[in-house]
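Please read the structure below before turning to the comments.
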Amino acid sequence: MAVLNSNMAGNVWKIVVSVGDEVTEGQDIVILESMKMEIPIAAETNGTVIELKVNEGDFVNEGDPIAIIE
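When you number the sequence shown by the UniProt record's numbering, it's gap-free, plus one each residue, and the end is 70.
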């Protein structure tokens with residue numbers, strides 16, 4: 001099980017995957033909006049998304065959990 005954490009502070013602009021989706025390393029999971037820029041947060045491992053820790057519109061700080069991939 002791997003926890004995907006935010007690498008910067010920003011607003012969750014878009015969630016690209018759903019719980020149960022199979023993802024591959026490097027695939028975008030969410031897109032953050034920070035300082036009017038869109039920053040994709042990608043999976044760091046292959047697996048299945050078992051939980052999303054954020055909703056669209058949420059604010060996250062650097063290091064906050066985004067998703068759990070198993």
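Positions of the beta carbon are idealized from the N, C-alpha and C atoms, including for glycine.
As the structure is a computational prediction, the values presented were derived from the model and not from experiment.
Bridge partners for residue i per DSSP, in chain order?
i   : result
N5  : P65
E22 : T48
N55 : Looking at the DSSP assignment, N55 forms no beta bridge with any residue, so it has no partner.
Return the residue from the list the options that minimises the CA-CA distance to residue i.
i   : options               : result
V60 : V3, I41, M37 and V12  : V12
V30 : D21, G47, I41 and V23 : I41
S34 : E62, D64, A9 and A67  : A9
What does a CB cutoff of less than 8 Å around residue i pick up in its chain, not counting 5 residues either side in sequence?
i   : result
K53 : D64, P65, I66, A67 and I68
G57 : N11 and V12
Residues in the same chain with beta-carbon distance under 7 Å from residue i, minus the five sequence neighbours each way, listed in chain order, please.
i   : result
T45 : A2, E25 and I69
E62 : S6, N7, M8 and A9
V17 : V23, I29 and V49
With a CB to CB cut of under 6 Å and the five nearest residues on each side skipped, what residues in its chain are close to residue i?
i   : result
G47 : I69 and E70
I39 : L32
I50 : I68 and E70
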